[in-house]
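**Q**
Number of protein chains: 2
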Amino acid sequence: MKLATYKDGSRDGQLVVVSRDLSQAHYANGIATRLQQVLDDWNFLSPQLEELYTTLNHGRARHAFAFDPKLCMAPLPRAYQWLSGSAYLSHQERLHQARGAELPDGLSREPLLQRGASDAFLGPCEPARFAAEAMGPDFEAQLAVITGDVALGASPAQALEGVRLLALVNDWTLRQLMQAEAGRGLLQCKPATAFGPVAVTPDELGEAWKGGRVHLNLQTQWNGRKVGQCEAGEGMHFHFGELIAHLARTRALRAGSIVGSGAVSPRDASRGYGCIAEKRALETLEHGEPRTEYMKFGDSIRMEMKGLDGQSLFGAIDQDVLSLHEAAEPDSATAD
Amino acid sequence: MKLATYKDGSRDGQLVVVSRDLSQAHYANGIATRLQQVLDDWNFLSPQLEELYTTLNHGRARHAFAFDPKLCMAPLPRAYQWLSGSAYLSHQERLHQARGAELPDGLSREPLLQRGASDAFLGPCEPARFAAEAMGPDFEAQLAVITGDVALGASPAQALEGVRLLALVNDWTLRQLMQAEAGRGLLQCKPATAFGPVAVTPDELGEAWKGGRVHLNLQTQWNGRKVGQCEAGEGMHFHFGELIAHLARTRALRAGSIVGSGAVSPRDASRGYGCIAEKRALETLEHGEPRTEYMKFGDSIRMEMKGLDGQSLFGAIDQDVLSLHEAAEPDSATAD
Numbered sequence: 001m002k003l004a005t006y007k008d009g010s011r012d013g014q015l016v017v018v019s020r021d022l023s024q025a026h027y028a029n030g031i032a033t034r035l036q037q038v039l040d041d042w043n044f045l046s047p048q049l050e051e052l053y054t055t056l057n058h059g060r061a062r063h064a065f066a067f068d069p070k071l072c073m074a075p076l077p078r079a080y081q082w083l084s085g086s087a088y089l090s091h092q093e094r095l096h097q098a099r100g101a102e103l104p105d106g107l108s109r110e111p112l113l114q115r116g117a118s119d120a121f122l123g124p125c126e127p128a129r130f131a132a133e134a135m136g137p138d139f140e141a142q143l144a145v146i147t148g149d150v151a152l153g154a155s156p157a158q159a160l161e162g163v164r165l166l167a168l169v170n171d172w173t174l175r176q177l178m179q180a181e182a183g184r185g186l187l188q189c190k191p192a193t194a195f196g197p198v199a200v201t202p203d204e205l206g207e208a209w210k211g212g213r214v215h216l217n218l219q220t221q222w223n224g225r226k227v228g229q230c231e232a233g234e235g236m237h238f239h240f241g242e243l244i245a246h247l248a249r250t251r252a253l254r255a256g257s258i259v260g261s262g263a264v265s266p267r268d269a270s271r272g273y274g275c276i277a278e279k280r281a282l283e284t285l286e287h288g289e290p291r292t293e294y295m296k297f298g299d300s301i302r303m304e305m306k307g308l309d310g311q312s313l314f315g316a317i318d319q320d321v322l323s324l325h326e327a328a329e330p331d332s333a334t335a336d
Numbered sequence: 001m002k003l004a005t006y007k008d009g010s011r012d013g014q015l016v017v018v019s020r021d022l023s024q025a026h027y028a029n030g031i032a033t034r035l036q037q038v039l040d041d042w043n044f045l046s047p048q049l050e051e052l053y054t055t056l057n058h059g060r061a062r063h064a065f066a067f068d069p070k071l072c073m074a075p076l077p078r079a080y081q082w083l084s085g086s087a088y089l090s091h092q093e094r095l096h097q098a099r100g101a102e103l104p105d106g107l108s109r110e111p112l113l114q115r116g117a118s119d120a121f122l123g124p125c126e127p128a129r130f131a132a133e134a135m136g137p138d139f140e141a142q143l144a145v146i147t148g149d150v151a152l153g154a155s156p157a158q159a160l161e162g163v164r165l166l167a168l169v170n171d172w173t174l175r176q177l178m179q180a181e182a183g184r185g186l187l188q189c190k191p192a193t194a195f196g197p198v199a200v201t202p203d204e205l206g207e208a209w210k211g212g213r214v215h216l217n218l219q220t221q222w223n224g225r226k227v228g229q230c231e232a233g234e235g236m237h238f239h240f241g242e243l244i245a246h247l248a249r250t251r252a253l254r255a256g257s258i259v260g261s262g263a264v265s266p267r268d269a270s271r272g273y274g275c276i277a278e279k280r281a282l283e284t285l286e287h288g289e290p291r292t293e294y295m296k297f298g299d300s301i302r303m304e305m306k307g308l309d310g311q312s313l314f315g316a317i318d319q320d321v322l323s324l325h326e327a328a329e330p331d332s333a334t335a336d
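Line by line, the protein sequences are chains A and B.
By UniProt numbering, the letter at position 130 of the first sequence is numbered 130, and the numbering carries on one by one without gaps.
By UniProt numbering, the letter at position 270 of the second sequence is numbered 270, and the numbering carries on one by one without gaps.
1) Checking contacts by CB at 8 Å: is B/ASP8 closer than that to chain A?
2) How would you write the range of the alpha helix (DSSP H) that A/VAL279 sits in, first residue to last?
3) Can you find a C-beta in chain B that's less than 8 Å from the C-beta of A/ARG115?
4) Do you know how far the Cα of A/ALA79 is from the Cα of B/VAL163?
5) Which residues mark the beginning and the end of the beta strand (DSSP E) in which B/ILE146 is found?
6) Would you tell me roughly how many angstroms separate the C-alpha atoms of B/TRP42 and B/ARG291, rounded to the nearest one?
7) Residues in the same chain with beta-carbon distance under 7 Å from B/THR33, minus the five sequence neighbours each way, listed in chain order, please.
8) Could you round the C-beta distance between B/GLY272 and B/GLN311 to whole angstroms and report it? I think they count as a contact, below 8 Å.
9) Determine the closest residue to A/SER155 out of A/ILE244, A/ARG254 and A/SER46, with distance taken between C-alpha atoms.
10) If you reduce the DSSP assignment to three classes, tell me which class A/ASP309 lands in.
11) Any beta-carbon of chain A closer than 8 Å to the one on B/THR250?
12) Run through the region 130 to 190 of chain B for me and flag every whole alpha helix (DSSP H) of 4 or more residues, listed as ranges in chain order.
13) Spell out the partners DSSP gives B/SER86 in its beta bridges.
14) Should B/PRO104 be flagged as near chain A, meaning a C-beta pair shorter than 8 Å?
15) Short of 8 Å in beta carbon distance, which residues of its chain neighbour A/LEU45, apart from the five on each side in sequence? Order them along the chain.
16) Three or more beta-carbon pairs under 8 Å between the region 249 to 256 of chain B and the region 96 to 105 of chain B, yes or no?
17) Give the interface partners of B/PRO69 over in chain A, defined as CB-CB distance under 7 Å, in chain order.
18) Would you verify that the beta carbon of B/ALA87 is, or is not, closer than 8 Å to some beta carbon of chain A?
19) Under 9 Å between beta-carbons, which chain A residues line up against B/GLN176? List them in chain order, please.
20) Give me the Cα-Cα distance between B/HIS239 and B/TRP222, rounded to the nearest whole angstrom.
21) Measuring alpha carbon to alpha carbon, tell me which of A/ALA277, A/ASP268 and A/ASN217 ends up nearest A/ASP309.
22) Do A/THR5 and A/VAL35 count as a contact pair if the criterion is CB distance below 8 Å?
23) Taking A/ASP138 as the query, report the chain B residues whose CB atoms sit under 7 Å from its CB, ordered along the chain.
24) With a Cβ-Cβ cutoff of 8 Å, do B/ILE111 and B/ALA141 count as a contact?
25) Mind pulling the chain A residues with CB within less than 7 Å of B/SER118?
26) Between A/ALA180, A/LEU95 and A/ASP40, which has its C-alpha nearest A/GLU278's C-alpha?
27) Going by DSSP in three states, B/ASN223 sits in which element: helix, strand or coil?
28) Determine the burial state of residue 337 of chain B: buried for a count of at least 16 other Cβ atoms within 10 Å of its Cβ, exposed for fewer.
29) Suppose contacts are defined by Cβ-Cβ distances below 8 Å. Is B/GLY235 in contact with B/PRO266 by that definition?
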């Protein structure tokens with residue numbers, strides 16, 4: 001099943017069910033108005049949504065309308081918990097190597113996760129606004145799971161059973177502010193995170209969802225140029241169940257917790273990159289210095305993942321980078 | 001005005017207005033059922049709650065009932081963002097000095113804040129449950145503010161205008177797990193945080209709310225013995241507006257964000273302590289080793305702050321430390 005949240009002027013938006021091919025949508029009212037409600041009461045509400053999803057896929061939903069990702073907020077426009085892991089070790093290795101820094105101790109033994117702000121996420125087509133290009137805006141392509149309740153002490157296998165939905169994430173980072181926050185917790189260098197249009201139940205991935213990892217390519221296009229075609233499964237050292245179990249060691253996780261994989265990073269660097277920082281690290285290792293600059297105002301970033309059937313799984317994240325007070329392109333709000 | 005959230009079996013509970021002397025309460029339904037709703041729409045809803053509060057204080061509210069803090073959840077049982085600062089520099093100084101460690105760079109220049117889990121907080125009288133005493137459970141007395149929307153780039157003075165409510169906090173810490181997480185972000189060593197029974201608007205503090213600080217004593221009793229009588233204002237190096245403005249440098253804060261002061265720490269160590277870690281640091285500096293052990297199963301902790309009129313401002317946090325599967329004392333759930 002695929003779920004999205006439509007803008008309606010409120011902070012939490014309106015829950016819609018979206019057809020598998022992302023062409024049609026249907027308001028879920030009568031069942032639930034917000035996604036958090038569904039996560040809070042999953043066993044009761046999700047079967048009703050599944051039924052609507054089936055009807056919609058068969059073209060028999062009465063009040064279906066054309067689905068428009070530009071009208072989407074993040075599937076959970078705000079959440080009670082959001083953490084991003086560092087599950088792709090090659091990402092950490094390349095960044096540390098380029099800086100001539102030691103890898104943090106135990107990186108492959110225990111997952112490293114970083115809490116992020118979850119009071120307001122960006123929708124898939126909302127511009128990312130920053131005060132200055134000099135802050136070094138960088139995209140960060142990753143996948144995330146949205147959990148139900150997970151018990152204290154859950155094993156990785158039990159934790160995986162708590163996965164309700166998967167989502168596509170662009171975890172914006174202001175790289176030039178990062179160094180100043182090293183060892184202090186990343187706050188200012190992590191502005192609002194963006195999410196893909198729909199969150200999907202794991203069954204939507206079929207065989208590609210295996211062992212707590214997603215074995216599909218995450219494509220990244222920067223200003224229309226393909227820069228990454230990263231297989232998200234193979235390089236993911238800790239699977240999602242291991243990331244969640246790490247968090248659940250001393251306290252339960254409650255429904256609606258979002259846990260991200262960290263920036264995807266292909267073991268094979270010829271497959272491109274999921275964030276500019278990694279490209280710059282590779283350049284530094286090869287040429288002694290980075291050659292690619294961070295994003296500029298007016299740049300665009302597009303992320304998408306296709307399923308085994310070749311169809312877009314989550315819809316695309318498609319964002320422009322703008323300065324704080326710059327108006328968005330008028331047509332970017334209304335048409336493709 | 002004083003607001004609390006009563007348990008009703010749901011995750012968000014029921015909003016109640018509580019009289020100034022904490023003796024009476026009244027459901028806020030008809031106005032709002034949850035505190036987050038009020039924060040989302042403060043200018044419209046808070047005047048209606050204020051009106052009910054006045055009626056309640058005059059003993060004229062029709063359906064008032066005796067207020068019982070044991071029936072309280074945290075005022076916000078879950079929140080979209082929770083950070084704890086390290087605004088009391090003497091706390092940091094003592095802990096680092098005792099470890100023979102260097103103070104983090106720029107500690108007095110820029111606030112240090114740590115994101116915490118906000119998917120489920122503990123109510124004021126709920127037991128704190130841990131898997132093992134060996135984890136070193138420690139209380140941490142602090143104050144927090146709950147904000148409305150705060151604009152990106154807000155100055156400390158503007159940020160202070162975003163403060164909607166103040167709350168009393170016990171930010172539980174598992175000290176023996178902390179070292180292993182140093183430099184990795186504090187996740188496992190930070191179990192669920194507890195909140196005092198009521199959150200209060202700043203006007204409830206009168207002259208004691210000054211310059212973004214609370215100039216009142218925070219009392220801490222451990223197993224019935226007074227261990228701290230910490231003046232919360234004087235040692236608070238960064239005021240709440242400065243903590244919030246630091247967070248708002250690159251992104252707006254949305255309504256319902258909770259920002260804590262960090263463990264209160266009196267400059268004058270004879271006033272006691274707000275967490276055991278600080279007591280142990282003082283012992284280490286004096287005797288070469290700590291003499292006070294962390295909390296044991298069966299221990300209790302009580303925190304309270306009295307206003308200028310001598311009345312309890314937030315009600316008391318009164319928690320027992322229990323092992324994971326131990327039943328709570330039957331009478332602790334029903335009587336004092």
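The C-beta atom is built at its ideal place from N, Cα and C for all residues, glycine as well.
**A** Checking against the coordinates, here is how it stands:
1) no
2) Here residue 279 of chain A turns out to be Lys, not Val, going by the sequence shown. Unbroken alpha helix (DSSP H) run through A/LYS279: 276 to 287.
3) yes
4) 21 Å
5) 141 to 147
6) 48 Å
7) GLN14 and LEU15
8) The pair is not a contact, with the Cβ atoms about 22 Å apart (cut-off 8 Å).
9) A/ILE244
10) coil
11) yes
12) 156 to 161 and 178 to 181
13) BP columns for B/SER86 are empty, so no partner.
14) yes
15) ILE31, ALA32, GLN37 and VAL38
16) no
17) Correct list: empty, because the minimum Cβ distance to chain A is about 23 Å.
18) no
19) Near B/GLN176 there are no residues of chain A at all, since even the closest Cβ is about 11 Å away, more than 9 Å.
20) 27 Å
21) A/ASN217
22) A small fix is needed here, since residue 35 of chain A is Leu in this sequence, not Val. Against a cut-off of 8 Å, the Cβ pair of A/THR5 and A/LEU35 comes out as a contact.
23) Simply none; closest approach about 13 Å.
24) Looking at the sequence provided, one finds Pro at residue 111 of chain B rather than Ile. Contact: no.
25) TYR80 and GLN81
26) A/LEU95
27) coil
28) Lying outside 1 to 336, the shown extent of chain B, residue 337 of chain B is not represented and no answer is given.
29) yes
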